[in-house]
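Undergrad: Pasting a structure here, questions to come.
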Amino acid sequence: MSLNFGRTQLSIPGPSVIPERVLNAMHRPSPNIYHGELIDMTDTLFPDLKAVARTKHEAAIYISNGHGSWEAALDNTLVAGDRILVLTTGRFAAGWAEMAQKNGIITDILDFGMQGEADPQKLEEALRADTEGNIKAVLTVQADTASSVINDIPALRKAIDNAGHDALFMVDCIASLGCDRFEMDDWGVDVMMTGCQKGLMTPAGISFVFFNDKAAKAHKRANPSFYWDWTLRANSEIFYQKFAGTAPTHHLYGLREALDILVHEEGIEAAWARHETIAKSVWAAVDAWGNTGAMHHNIADPKKRTVAVSAVNTGVDVAGKLRSWCETHAGVTLGIGLGLAEPDTPQWDQHFRIGHMGHQNIAMVMATLGSIDTALKAQDIPHGSGALDAASTILAGHAVACIEGTSTGAGCCT
Ligand SMILES: *Cc1c(COP(=O)(O)O)cnc(C)c1O
11 MSLNFGRTQL
21 SIPGPSVIPE
31 RVLNAMHRPS
41 PNIYHGELID
51 MTDTLFPDLK
61 AVARTKHEAA
71 IYISNGHGSW
81 EAALDNTLVA
91 GDRILVLTTG
101 RFAAGWAEMA
111 QKNGIITDIL
121 DFGMQGEADP
131 QKLEEALRAD
141 TEGNIKAVLT
151 VQADTASSVI
161 NDIPALRKAI
171 DNAGHDALFM
181 VDCIASLGCD
191 RFEMDDWGVD
201 VMMTGCQKGL
211 MTPAGISFVF
221 FNDKAAKAHK
231 RANPSFYWDW
241 TLRANSEIFY
251 QKFAGTAPTH
261 HLYGLREALD
271 ILVHEEGIEA
281 AWARHETIAK
291 SVWAAVDAWG
301 NTGAMHHNIA
311 DPKKRTVAVS
321 AVNTGVDVAG
331 KLRSWCETHA
341 GVTLGIGLGL
351 AEPDTPQWDQ
361 HFRIGHMGHQ
371 NIAMVMATLG
381 SIDTALKAQD
391 IPHGSGALDA
401 ASTILAGHAV
411 ACIEGTSTGA
421 GCCT
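Residue numbers (the numbering used here): 11 to 424.
Written as structure tokens, this is what we have:
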């Protein structure tokens, strides 16, 4: 007999939970795509997307997943035969590098492994060694969704400047935008891309590329395809040119609602503060479980973790059992370990990930943690006690900080 007759919960690091309001906003007949409401509404999306990215520069919308935004960023700024430097800290920048290679771009990789962040010193050295300025772009992710590391984007920017190098700085914020603090203009990022299905809480299917004047200049020597070219997408007065064809009508309505929630109701800084507290509550639970048994964070230093997702090492042979019990008996789906071990090795089954990005509240995070706690007990997996107590103590602290106005997260209770 099962207890699993309630609502299910997806606690993977993307796609994230879609707010009911976003789903409802999409539930409508197809709109007129020639004039009227859809066209006016779409114009309102661009300033709000830029507010989330913290940029005054340009934004283009693509009908694609995050991989499409990778392709767009490459295609608009580089040509085959160009050289780039990719900083890999997990699975995702490595995937972006593979794509660049396939496009004929000469791709140098500085690999920082699955447990570390990109080292600004190493970046500076690599750029100083490029005395002829052959490297056209430096690529990295802000948060790597596989390892759950966060890269220090301002420090990497400083490394490029210290080396006096002219390379474009391109950052993948697919996992982190709307979750971890990100300041495109202040941090000197030239190209940033993201998808809609993680921090932006919209069903997978549209993605965004943001680019500044320096990137627009690089675009002049690139040779983008008609479809990926960002020029008309970012600036055309003609509606269908913004999408190189039919607009992703329902996704745009969903996104409008999601941006209302994120930008106009909660506020981006309050969203960052919420993610930070929720992440800390997850981390406190993992630490408590790890007091007995093998469980520990993939990224040991809390300052180096993204607040969007947590990768957890359970010891060999445990993570799969845990995930499958949670799904079958609790109705909670946890994320698989990604790229942290080779498939079909004993290590393969020793990681899981908890997505805590986007539409998350105390009820949801405690449901996920409570389900894991129950699964550990039900399966006699050695673990420390007090995880839920540790988590709720952190969550209660956020409420207190808000009431007293002492939170460091600006806009916490406004
Ligand atoms: C999810 C993700 C991607 C890939 O996005 P898709 O929509 O699956 O193509 C790329 N980079 C990061 C950091 C991600 O989290």
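A virtual CB, placed ideally from N, CA and C, is assigned to each residue, including glycine.
#1: Between the alpha carbons of residue 369 and residue 20, how many angstroms are there, rounded?
#2: Look at the alpha carbon of residue 205 and the alpha carbon of residue 367, and state the distance between them as a whole number of angstroms.
#3: Are residue 62 and residue 278 touching if we call contact CB-CB under 8 Å?
#4: Looking at the strands, I want to know which residues DSSP matches up with residue 117.
#5: Tell me which residues share the same chain as residue 189 and place their Cβ nearer than 8 Å to its Cβ, disregarding the 5 neighbours each side in the sequence.
#6: With a CB to CB cut of under 7 Å and the five nearest residues on each side skipped, what residues in its chain are close to residue 106?
#7: For residue 325 and residue 355, what's the separation of their Cα atoms in angstroms?
#8: Which one or two residues does DSSP pair with residue 68 in a beta bridge?
#9: With distances taken between CB atoms, is the gap from residue 194 to residue 147 smaller than 8 Å?
#10: Please classify residue 247 as buried or exposed, where buried requires at least 16 other C-beta atoms within 10 Å of its C-beta.
#11: Mind checking which residues open and close the beta strand (DSSP E) that includes residue 172?
#12: Starting from residue 292, trace the alpha helix (DSSP H) in both directions and tell me its first and last residue.
#13: Please identify the residue among 175, 71, 361 whose C-alpha is closest to the C-alpha of residue 135.
#14: Quick one: Cα of residue 52 to Cα of residue 306, how far?
#15: What I want to know is whether the C-beta of residue 42 ends up closer than 7 Å to one or more non-hydrogen atoms of ligand 1.
#16: Classify residue 323 as buried or exposed, calling it buried when 16 or more other Cβ atoms lie within 10 Å of its own Cβ.
#17: Rounded to whole angstroms, what is the Cα-Cα separation between residue 170 and residue 201?
#18: Are residue 69 and residue 59 touching if we call contact CB-CB under 8 Å?
#19: Buried or exposed, going by whether 16 or more other CB atoms sit within 10 Å of the CB of residue 38?
#20: Under 7 Å: does the beta carbon of residue 73 sit that close to some heavy atom of ligand 1?
#21: Applying the criterion that 16 or more other CB atoms from any shown protein chain within 10 Å of the CB defines a buried residue, is residue 130 buried or exposed?
#22: Is residue 201 near ligand 1, going by C-beta to nearest heavy atom under 7 Å?
#23: Would you mind stating whether residue 22 and residue 348 have Cβ atoms separated by less than 8 Å?
#24: Tell me residue 205's beta-bridge partners as DSSP assigns them.
#25: Does any heavy atom of ligand 1 sit closer than 7 Å to the C-beta of residue 155?
#26: Cutting at 6 Å between CB atoms, please list the residues of its own chain near residue 199, excluding the five before and the five after it.
#27: Classify residue 72 as buried or exposed, calling it buried when 16 or more other Cβ atoms lie within 10 Å of its own Cβ.
#28: Can you say whether residue 418 is buried or exposed, counting buried as having 16 or more other CB atoms within 10 angstroms of its CB?
#29: I need the DSSP call for residue 345, collapsed to helix, strand or coil.
#30: In this structure, how does DSSP classify residue 53 when only helix, strand and coil are distinguished?
#31: Measure the alpha-carbon distance for residue 423 versus residue 114 and round it to whole angstroms.
#32: How about residue 349: is its Cβ closer than 7 Å to a heavy atom in ligand 1?
#33: Please state whether DSSP places residue 424 in a helix, a strand or coil.
#34: Helix, strand or coil, according to DSSP, for residue 418 in the structure here?
#35: If we count the other Cβ atoms within 10 Å of its Cβ and call it buried at 16 or more, is residue 252 buried or exposed?
#36: Suppose you measure from the CA of residue 213 to the CA of residue 353; what does that come to, to the nearest Å?
TA: Looking at the atomic coordinates:
#1: Along the sequence shown, read from residue 1 onward, the residue named residue 369 stands at position 359. Along the sequence shown, read from residue 1 onward, the residue named residue 20 stands at position 10. Between residue 369 and residue 20, the C-alpha separation is close to 11 Å.
#2: On the sequence shown, residue 205 is found 195 positions in, with the first residue counted as 1. On the sequence shown, residue 367 is found 357 positions in, with the first residue counted as 1. Going from the Cα of residue 205 to the Cα of residue 367 covers about 13 Å.
#3: For the purposes of this step, residue 62 is taken as residue 52 along the sequence shown, with counting starting at 1. For the purposes of this step, residue 278 is taken as residue 268 along the sequence shown, with counting starting at 1. Yes; because the gap between Cβ atoms is below 8 Å, this pair is in contact.
#4: As a working note, residue 117 is residue 107 in the sequence shown. 94.
#5: Residue numbering aside, residue 189 sits at position 179 when the sequence shown is read from its first letter. 153, 208, 209, 281, 282, 285, 316, 317, 318, 367, 368, listed in sequence order.
#6: Mapped onto the sequence shown, residue 106 falls at position 96. Correct list, in chain order: 80, 96, 149, 182.
#7: For the purposes of this step, residue 325 is taken as the residue at position 315 of the sequence shown. For the purposes of this step, residue 355 is taken as the residue at position 345 of the sequence shown. If I take the Cα positions, the gap works out to 13 Å.
#8: Position 58 of the sequence shown, counting from 1, holds the residue named residue 68. Residue 68 is bridged to 221.
#9: Locating residue 194 in the sequence shown gives position 184, counting from the first residue. Locating residue 147 in the sequence shown gives position 137, counting from the first residue. Not closer than 8 Å, so no.
#10: In the sequence shown, residue 247 corresponds to position 237, counting from 1. Looking at its Cβ environment, which holds fewer than 16 other Cβ atoms inside 10 Å, residue 247 is exposed.
#11: Numbered from 1 along the sequence shown, position 162 holds the residue referred to as residue 172. Segment 163-172 is the alpha helix (DSSP H) holding residue 172; no beta strand (DSSP E) there.
#12: Residue 292 sits at position 282 when you count from the first residue of the sequence shown. From DSSP, the alpha helix (DSSP H) with residue 292 extends over 278-299.
#13: Along the sequence shown, read from residue 1 onward, the residue named residue 135 stands at position 125. The residue with the shortest Cα to Cα distance from residue 135 is 175.
#14: Here residue 52 refers to the residue found at position 42 of the sequence shown. Here residue 306 refers to the residue found at position 296 of the sequence shown. Each residue's alpha carbon lies about 44 Å from the other.
#15: Reading the sequence shown from its first residue, position 32 is the one you call residue 42. Not so, every heavy atom of ligand 1 lies at least 7 Å from the Cβ.
#16: For the purposes of this step, residue 323 is taken as the residue at position 313 of the sequence shown. Label assigned to residue 323: buried.
#17: Residue mapping note: residue 170 aligns to position 160 of the sequence shown, counting from 1. Residue mapping note: residue 201 aligns to position 191 of the sequence shown, counting from 1. Whole-angstrom Cα-Cα distance: 15 Å.
#18: Stepping through the sequence shown from its first residue, residue 69 is reached at position 59. Stepping through the sequence shown from its first residue, residue 59 is reached at position 49. In this structure, residue 59 lies closer than 8 Å to residue 69 by Cβ.
#19: Within the sequence shown, the letter at position 28 stands for residue 38. Exposed is the call here.
#20: Against the sequence shown, residue 73 aligns to sequence position 63. The answer is no for residue 73.
#21: In the sequence shown, counting from the first residue as 1, residue 130 sits at position 120. Residue 130 should be labelled buried.
#22: Residue numbering aside, residue 201 sits at position 191 when the sequence shown is read from its first letter. No, the Cβ of residue 201 stays beyond 7 Å of every heavy atom of ligand 1.
#23: Here residue 22 refers to the residue found at position 12 of the sequence shown. Here residue 348 refers to the residue found at position 338 of the sequence shown. No.
#24: Mapped onto the sequence shown, residue 205 falls at position 195. BP columns for residue 205 point to 217.
#25: Sequence index remark: in the sequence shown, residue 155 carries index 145 (1-based). Because some heavy atom of ligand 1 lies under 7 Å away, the Cβ of residue 155 counts as near it: yes.
#26: Residue 199 sits at position 189 when you count from the first residue of the sequence shown. These residues qualify, in order along the chain: 179, 181.
#27: As a working note, residue 72 is residue 62 in the sequence shown. Answer is buried; the Cβ neighbour count reaches 16.
#28: As a working mapping, residue 418 is identified with position 408 in the sequence shown. Its pLDDT being 49, under 50, residue 418 is placed unreliably by the model, and the measurement read from it follows with that caveat. Per the 10 Å Cβ criterion, exposed.
#29: For the purposes of this step, residue 345 is identified with residue 335 of the sequence shown, where counting begins at 1. Strand.
#30: Taking the first residue of the sequence shown as position 1, residue 53 is located at position 43. Here residue 53 sits in helix by DSSP.
#31: For this step, residue 423 is matched to residue 413 along the sequence shown. For this step, residue 114 is matched to residue 104 along the sequence shown. Note that residue 423 has pLDDT 49, beneath the 50 cutoff, so the model's placement of it is unreliable and the number below is only indicative. The alpha-carbon atoms of residue 423 and residue 114 are separated by roughly 49 Å.
#32: As a working mapping, residue 349 is identified with position 339 in the sequence shown. No, ligand 1 has no heavy atom inside 7 Å of this Cβ.
#33: The count along the sequence shown starts at 1 and reaches residue 424 at position 414. Any reading at residue 424 must be qualified, since the residue scores a pLDDT of 42, below 50, and its modelled position is unreliable; the value itself is stated next. Coil at residue 424, not helix or strand.
#34: Position 408 of the sequence shown holds residue 418. In this predicted model, residue 418 has a pLDDT of only 49, less than 50, meaning its place in the structure is not dependable; the value taken from the coordinates is given anyway. Residue 418: coil per DSSP, three-state reduction.
#35: For this step, residue 252 is matched to residue 242 along the sequence shown. Its Cβ being crowded by 16 or more others within 10 Å, residue 252 is buried.
#36: Residue mapping note: residue 213 aligns to position 203 of the sequence shown, counting from 1. Residue mapping note: residue 353 aligns to position 343 of the sequence shown, counting from 1. The alpha-carbon atoms of residue 213 and residue 353 are separated by roughly 29 Å.
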